[in-house]
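Counting in our numbering, the sequence shown runs from 124 upward without gaps.
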Amino acid sequence: MENKVSFYNTLTKKVERFIPNEEGKASMYTCGPTVYHYAHIGNLRSYIMEDLLEKTLRYVGYDVKRVMNITDVGHLSSDADTGEDKMLKGAKREHKTVMEIAKYYTDAFFADCAKLNIKTPDVVEPATNCISEFIHMIETLMQKEYAYESGGNIYFDTSKLGDYYVFSSQNEKELLVGVRDDVEEDANKRNKSDFVLWFTKSKFDDQELKWESPWGVGYPGWHIECSCISMKHLGEQMDIHCGGVDNIFPHHTNEIAQSEAYLGHKWCNYWFHVHHLTDKSGKMSKSKGDFLTVSLLESKGYDPIVYRFFCLQSHYRKPLEFSYEVLDNMSAAYDKLVKRVGTLDRTGTPDKEKMASYRAKFEAALCDDLNSSMAVTVLYDMLKDDMTEVTKYALAESFDEVLSLNLTTAHAIREAENKVDAGLKQYVLAKIEERTAAKKEKDFAKADAIRNELLEKGILLEDTREGVKWKKA
Ligand SMILES: [Zn+2]
Numbered sequence: 124m125e126n127k128v129s130f131y132n133t134l135t136k137k138v139e140r141f142i143p144n145e146e147g148k149a150s151m152y153t154c155g156p157t158v159y160h161y162a163h164i165g166n167l168r169s170y171i172m173e174d175l176l177e178k179t180l181r182y183v184g185y186d187v188k189r190v191m192n193i194t195d196v197g198h199l200s201s202d203a204d205t206g207e208d209k210m211l212k213g214a215k216r217e218h219k220t221v222m223e224i225a226k227y228y229t230d231a232f233f234a235d236c237a238k239l240n241i242k243t244p245d246v247v248e249p250a251t252n253c254i255s256e257f258i259h260m261i262e263t264l265m266q267k268e269y270a271y272e273s274g275g276n277i278y279f280d281t282s283k284l285g286d287y288y289v290f291s292s293q294n295e296k297e298l299l300v301g302v303r304d305d306v307e308e309d310a311n312k313r314n315k316s317d318f319v320l321w322f323t324k325s326k327f328d329d330q331e332l333k334w335e336s337p338w339g340v341g342y343p344g345w346h347i348e349c350s351c352i353s354m355k356h357l358g359e360q361m362d363i364h365c366g367g368v369d370n371i372f373p374h375h376t377n378e379i380a381q382s383e384a385y386l387g388h389k390w391c392n393y394w395f396h397v398h399h400l401t402d403k404s405g406k407m408s409k410s411k412g413d414f415l416t417v418s419l420l421e422s423k424g425y426d427p428i429v430y431r432f433f434c435l436q437s438h439y440r441k442p443l444e445f446s447y448e449v450l451d452n453m454s455a456a457y458d459k460l461v462k463r464v465g466t467l468d469r470t471g472t473p474d475k476e477k478m479a480s481y482r483a484k485f486e487a488a489l490c491d492d493l494n495s496s497m498a499v500t501v502l503y504d505m506l507k508d509d510m511t512e513v514t515k516y517a518l519a520e521s522f523d524e525v526l527s528l529n530l531t532t533a534h535a536i537r538e539a540e541n542k543v544d545a546g547l548k549q550y551v552l553a554k555i556e557e558r559t560a561a562k563k564e565k566d567f568a569k570a571d572a573i574r575n576e577l578l579e580k581g582i583l584l585e586d587t588r589e590g591v592k593w594k595k596a
């Protein structure tokens, strides 16, 4: 097949044509969530754009295998192996066990993904499933003398590598060494940039999950997870590794260091990174203001898919500024779009020539460094074009294999919901009238019974000076 997809490779700092290791196949690895809290919509931006990359590859004909880990152990508050274990922190906060927290937030993560039409990767593997694989890799690194024991922990020796800071230019490298100065000094390390592969001595003695290892009872570092889990399912040579730009350093830098030291050859050819979601003040974080989750957007009345629509209108390599004002505009544009598609006349046969020509334009946009906003423009242009409605409908259906905006289904679902709402309103109003009449006749038992009947159906009544008001509970 023709290799026509191109995207920016952080490793080479160029937009490159994607050429897989095996023709027609694409192996993809994604760093999964650390399941100690709900996912922030900023993190979900990365997953949306990675989903778009996967679907683009499938759309143009690649057989994709995608793997993702679930970090349920070993990720400390600082990515540079210091601070408290995030999972333990979550467990303490909610008075639950670490495994309970992991289960709850893994489910919550996939529920959010489902609402954003993010396909679940072919393989999802929790880190706690792979302890023996981590130990094997660390043992090999010890034998090859890339790792050393110090103060009870096992560290990766970054001085053994010709180029540890593989993603960075010379100036950035100096800065990164500086960054390391800011974090708490670990006296056990031979070099500032060394990182932990296995902990047996931690400041936090109450670590819940610990395993036997050749170096004592302990738990793995965060970075080793992704190297092992990706190799377990995708072999020793991988095509694409994805993540947010936050992961470039130290996480992905460390993944490459230990994987290539272990393998003795190049590991992954393409590194795909998605930029931050920001607000007016800069990067959004969990500590600042509203903790933006999919549930929060829903509680404010937004259809979560509008957030996906919003993400698709900007390039993955640019910061994306979030505001409710922009989301409102997106919401209005989305309503119009799905109404437009949903009301197209579907009788007749699609025009094959028109279909091919628009599919080519759509593919060209996505293949050009995943230009998703251009792909959306092609959708709008197509809807404006002078061709049969059934052709437009068929094209919208085809484009939605990648865009995943419920283009052909949303309108019908909304119409059905409106009908239900109209029916419900009629029913509630009749009940309110009945209750008012009962009250007038001083039949308070009946009035209360009606109130309770409505409550059971999730309807709350409120007696106000302007009359009875109602809302869904
Ligand atoms: Zn990772």
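By construction, the Cβ of each residue, glycine as well, lies at the ideal position given by its N, Cα and C atoms. In this text the structure is predicted, and so the values were computed from the model without any measurement.
query, result
"Beta carbon of Leu176 nearer than 8 angstroms to that of Phe395", "yes"
"Nearest residue (CA-CA) to Ser291, options Tyr228, Glu145, Asn132", "Asn132"
"Range of the contiguous alpha helix (DSSP H) that encloses Tyr393", "That residue, Tyr393, is in no alpha helix (DSSP H); its beta strand (DSSP E) goes 391–397."
"Buried or exposed by the 16-neighbour rule on C-beta atoms within 10 Å, applied to Ile536", "exposed"
"Residues surrounding ligand 1 [beta-carbon distance to nearest heavy atom under 5 angstroms]", "Cys154, Cys349"
"Reduced DSSP category for Val138 - H, G, I as helix; E, B as strand; rest coil", "strand"
"Distance cut-off 7 angstroms: Phe318 Cβ against heavy atoms of ligand 3", "This structure lacks ligand 3; its bound ligands are ligand 1."
"Run of the alpha helix (DSSP H) containing Arg168, from where it starts to where it stops", "164–182"
"Endpoints, beta strand (DSSP E) assigned at Phe372", "That residue, Phe372, is in no beta strand (DSSP E); it is neither H nor E in DSSP."
"Cβ-Cβ distance between Met265 and Ser350 below 8 angstroms", "no"
"Backbone CA spacing between Ile347 and Arg189 [nearest angstrom]", "18 angstroms"
"CA-to-CA distance, Pro427 to Lys238, given in whole angstroms", "6 angstroms"
"At least 3 beta-carbon pairs within less than 8 angstroms: the segment 476–485 vs the segment 440–453", "no"
"Glu557 beta carbon less than 8 angstroms from that of Ile573", "yes"
"Cutoff 7 angstroms; reference Asp474; Cβ partners in own chain excluding five residues on either side", "Met510, Thr511, Thr514"
"Distance between beta carbons of Leu435 and Val499, contact taken as under 8 angstroms", "6 angstroms"
"Local conformation of Ile241 per DSSP, three classes", "coil"
"Same chain only: Cβ atoms within 6 angstroms of Gln360, ignoring 5 sequence neighbours per side", "Asn144"
"Endpoints, beta strand (DSSP E) assigned at Glu248", "246–249"
"Distance, Arg313 Cα to Lys324 Cα", "17 angstroms"
"First through last residue of the alpha helix (DSSP H) which encompasses Ser336", "Where Ser336 is concerned, there is no enclosing alpha helix (DSSP H), given that its DSSP letter is neither H nor E."
"Tyr271 versus Gln293: straight-line alpha-carbon distance, rounded", "27 angstroms"
"For Met124, the three-state DSSP class (helix, strand or coil)", "coil"
"In DSSP terms, what Lys592 is bridged to", "Glu585"
"As assigned by DSSP and simplified to three states, the class of Glu448", "helix"
"Asn377 versus Lys267 - alpha carbon distance", "17 angstroms"
"Rounded distance between the beta-carbons of Leu400 and Ile241, thought under 8 angstroms", "Contact flag wrong, Cβ pair sits at about 15 angstroms."
"Validate contact between the segment 374–388 and the segment 277–286 using beta carbons, cut 8 angstroms, 3 pairs", "yes"
"Spatially closest choice to Met172 from Ser496, Ser521, Lys423, by CA coordinates", "Ser496"
"Minimum C-alpha distance to His375 - residue among Tyr152, Glu139, Lys148", "Tyr152"
"Beta-bridge partners of Glu100, as assigned by DSSP", "No answer is possible for residue 100: the residues shown for the chain start at 124 and end at 596."
"Residues near Leu357 by beta carbon distance below 7 angstroms, same chain, minus five either side", "Ser150, Tyr152, Lys188, Val190"
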